Structure formats: structure tokens, C-alpha cells
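Read the structure below first, then the notes.
Numbering (our numbering), first residue to last: 86 to 175.
Laid out in C-alpha cells, this is it:
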């Protein structure tokens, strides 16, 4: 897969203390940095800002886009959406 990221992508960290963990891209700033969440350690209210060079795209799911735009989706629901992709090996 290419590494052009868009909101809703499921990504895997390939460096840092969160290496090998999965996240969802929730926004991209004007400098190209990504705001990512996992619903467990990084919740909707406190996304992590990460350099895209340190991430690998795993998947893109339109259901995830709808979920992260919803104000009523919980962090637990986000975490459960990501768990589906834990079985995918790079």
C-alpha cells in the first residue's frame, strides 16, 4: 500500500514508544503531521501528533470515517474497530 494518508486510515506505528501499535488517523495538519487515536491510550480528546514517516498504512475503512465524525462514538468502540486489524501482518 502507498503511504499517502487520509482521515479514517488505520495505521501502524513503526517507531517510538508506541511501535507496532495500531491507530486511526483523525486529522492532518497543514505541516503534514497526523493526529492519531487508538481509543485506549490515545483517546478522542487527546490525539497524538505523529510524523507520517513513522507510520505505515494498514487499511482504510469508510465505517471508521463515519464513526470518528460521530460525537457519540466512544473510545471503547474506536478501540474495538482497531482490534479487527490486529491480525493483519505487514
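Cβ atoms here follow ideal geometry from the backbone N, Cα and C, with glycine treated the same way. A quick note: this is a predicted structure, and the numbers were derived from the prediction, not measured.
- As for any alpha helix (DSSP H) of minimum length 4 sitting wholly inside the segment 111–153, there is none.
- Here DSSP, grouped into helix, strand and coil, assigns residue 92 to coil.
- Cβ atoms of residue 113 and residue 90 come within 8 Å of each other, at about 7 Å.
- Using a 10 angstroms sphere on the CB of residue 122, the tally of other CB atoms reaches 16 or more, which defines it as buried.
- Shown here, residue 157 sits in coil according to DSSP, grouped into three states, outside any helix or strand.
- The beta carbons of residue 95 and residue 146 sit closer together than 9 Å.
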